[in-house]
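Notes follow the structure.
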Amino acid sequence: MSIVGKSFLSSEQLSEKDIDQLFSRAMLFKREFESRKRIDHLVKGEALHQKVMALVFSEASTRTRMSFQVAASRLGMKTVVLDNPSIASLSKGESLGDTLRNIAAMLPDVMVVRYNTNLEADSVVRALPCPVISGGIGMFEHPTQALLDAFTIRENRQQLRGEKILFVGDVLHSRVANSNLMLLRRLGCEVAYCAPAQFEPQTENWKGVRGFETLIEGIEWASVIMGLRVQKERHQSTGIGFSMAEYREQFRIGGDQLKNFKDVGILLHPGPVIRGIEFSATVLNDKRCKVLDQVTNGVFVRASLISLILGLEVGQA
Ligand code: NCD
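Written out as C-alpha cells, the structure reads:
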C-alpha cells in the first residue's frame, strides 16, 4: 500500500487499488466487530497499546473526532486530544503551526488535525516528522469523510461505478463535497449538484459538473442524495447574505420530495444535520436514509486507514 508511513491529506492521494484494500480491511473490521465485538486481535505482531494518536482540532467536531478516537481505541491504541483552542497556548498567541510542531515533538505515532484555512499550518503539516491525517481542513478537503461516504454507497448500492450522486445545499463552502467530488469521480460515479445561486461551486474542479435548477429534477435523476449543512460560520468571511427561510422553502428535503426518489436509492449527510432545514424528520426516519450507517462505517474505515498508515498486518489468527 502506497500510504504506509505517509500523511493522508487529500482524497486524490489514493489509487483505486489503495481504496480497494482500505475498504476490504474496513469490511473485515466491521464484520468481525459485529460477530466478536472486537477487532484488536486481527492486528498482527505489534504492541498497539504502545502506540499514541494525537488529535488537534481547532474547529468544532463531534463525529470526526470521536470516530477517530473510537477507531484508535478499538485497535488498542491510546489517544490524546487538544480540541479546545481557548484553553491552549493558541489563546496566548502561539501560531497553529507552532502548536502542531510542538505536539509532533512529543513523538506521537500519528496525528489527526482539523482547522480552518491556514497557509502556515498547511506547510507545517507537510513537514511534520509523523504521518498526519486530515480531519477536515479549510473548505477544500475532508478526505476520510469522502472515504466513509464511498464505503457506505458501495455497501448499500453494491457498486460505485455508474452511481448518480446529487449534492444538495451549500456546495460552495463544503469540504465534504469537494473531497467527495474527487474520490467519487475517480471511482466511476456521476456527480451533480442542486444549490442556491450563491452556494454554487466556483473552483476549477467543479467546471462541467451538472447543476440542477430544481430539487425535484435532481432527486428524480439521483441514486444517492448527499445533503450538506449550511456552513453559516464560513459565510461571514465570504460576505454572503442569506435567508434560512428561503433556503428551507426551496432546498429542504422532506416527505413530498422523497416521493420522486428511487425506492432503492439512499440519502446521506455528513452531519451535523440541522433538522427541518436540510432534512425533515420524515426523511431522517426513512429506510433509505443511511446517516447513522455512515457514522458506524466511519469508525471501521478510519481504523482501516490508521492500520494501513502504521504499516500493520491484519488477518484472521
Ligand atoms: C462536516 C465538516 O466538519 O466538514 N462534518 C463532519 O465532519 N462530519 C460537515 C459540516 O460540519 O457541515
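When we follow our numbering, the leftmost residue of the sequence shown carries the number 852, and every step to the right adds one. Beta carbons: idealized from backbone N, C-alpha and C, even for Gly.
What is the residue span of the alpha helix (DSSP H) that residue i lies within?
| i | result |
| --- | --- |
| A1096 | 1095 to 1102 |
| L1156 | 1142 to 1160 |
| R965 | Element bounds for R965: not the alpha helix (DSSP H) but the beta strand (DSSP E), 961 to 966. |
| A858 | Residue identity check: residue 858 is Ser in the sequence provided, not Ala. No alpha helix (DSSP H) holds S858; DSSP gives it neither H nor E. |
| G1078 | Run containing G1078: none in the alpha helix (DSSP H); it sits in the beta strand (DSSP E), 1075 to 1078. |
| L893 | Counting along the chain, L893 falls outside any alpha helix (DSSP H), and DSSP gives it neither H nor E. |
| M878 | 867 to 887 |
| A1132 | 1132 to 1136 |
| I1070 | 1066 to 1072 |
Counting only C-beta atoms, is residue i closer than 8 Å to chain D at any point?
| i | result |
| --- | --- |
| P1121 | Given the protein chain composition of this structure (a single chain), no chain D is represented. |
Leaving out five residues on either side along the sequence, give the residues of the same chain with a beta carbon under 7 Å from the beta carbon of residue i.
| i | result |
| --- | --- |
| A972 | L947, G948, L951, Y966 |
| D891 | L899, R925, L926, G927 |
| A1132 | R1126 |
Using alpha carbons as the reference points, say which of the options lies closest to residue i.
| i | options | result |
| --- | --- | --- |
| I1117 | F1002, V1152, L926, K888 | F1002 |
| G1062 | M1033, L1023, L1035 | L1023 |
| E1164 | S1094, L926, E910, H1120 | L926 |
| F859 | I984, T968, S1158 | I984 |
| K888 | P982, S1158, F1151 | F1151 |
| K1113 | I954, A955, E1071 | E1071 |
| R1012 | A1046, C1040, S974 | C1040 |
| R1026 | Q1082, A956, P1047 | Q1082 |
| E910 | E1084, V976, P982 | E1084 |
Leaving out the 5 sequence neighbours to the left and right, which residues in its chain are closer than 6 Å to residue i when beta-carbon positions are compared?
| i | result |
| --- | --- |
| L1017 | A1043, G1069, A1073, I1076 |
| Q844 | Absent from the model: residue 844. The displayed extent of the chain is 852 to 1168, so no value can be given. |
| G1122 | R914 |
| E992 | S861, S985, R1026, S1030 |
| L1034 | S862, A997, A1001 |
So the beta strand (DSSP E) residue i belongs to, where does it begin and stop?
| i | result |
| --- | --- |
| V932 | 929 to 933 |
| L1023 | Looking at the DSSP string, L1023 is not in any beta strand (DSSP E), and its letter there is neither H nor E. |
| F1002 | Per DSSP, F1002 belongs to no beta strand (DSSP E); it is in the alpha helix (DSSP H), 994 to 1008. |
| E1041 | 1041 to 1045 |
| S974 | Note, S974: premise wrong, no beta strand (DSSP E); alpha helix (DSSP H) at 970 to 978. |
| F919 | Run containing F919: none in the beta strand (DSSP E); it sits in the alpha helix (DSSP H), 914 to 926. |
| I988 | 983 to 988 |
Please go through the same chain and pick out, in chain order, the residues whose beta-carbon is closer than 8 Å to the beta-carbon of residue i, but skip the five residues on each side of it.
| i | result |
| --- | --- |
| T930 | V903, M904, A905, L906, F919, Q920, A923, S924 |
| V1060 | L1032, V1042, A1043, Y1044, P1052 |
| L1079 | F1018, V1019, G1020, D1021, V1022, S1025, V1027, A1028, H1120, P1121, E1129 |
| N1056 | N1029, L1032, M1033 |
If residue i sits next to residue j, beta carbons under 8 Å apart, how far is it from one beta carbon to the other, in whole angstroms?
| i | j | result |
| --- | --- | --- |
| R1005 | F880 | No, R1005 and F880 are not in contact; Cβ-Cβ is about 15 Å, not under 8 Å. |
| I870 | L999 | About 12 Å; that fails the 8 Å criterion. |
| L893 | G1166 | 7 Å |
| I954 | I1160 | Rounded, the Cβ-Cβ distance is 17 Å, inconsistent with contact. |
| G989 | V963 | Between V963 and G989 the Cβ distance is about 15 Å, and since that is not below 8 Å, they are no contact. |
| S974 | A997 | So it is not a contact: roughly 23 Å between Cβ atoms. |
| R876 | S1158 | 7 Å |
Legend entry - Stretch-stretch touch, CB-based, cutoff 8 Å, three pairs: the stretch 1138 to 1149 with the stretch 1094 to 1104: no
Inset, instruction - Evaluate contact between the stretch 1004 to 1017 and the stretch 1123 to 1133, counting only Cβ atoms and requiring at least three cross-stretch pairs below 8 Å. - result: Taking 8 Å as the limit for Cβ pairs, the verdict is that the stretch 1123 to 1133 does not touch the stretch 1004 to 1017.
Inset, instruction - Decide yes or no for the touch test of the stretch 1146 to 1157 against the stretch 1106 to 1115: beta carbon pairs closer than 8 Å, at least 3 of them. - result: no
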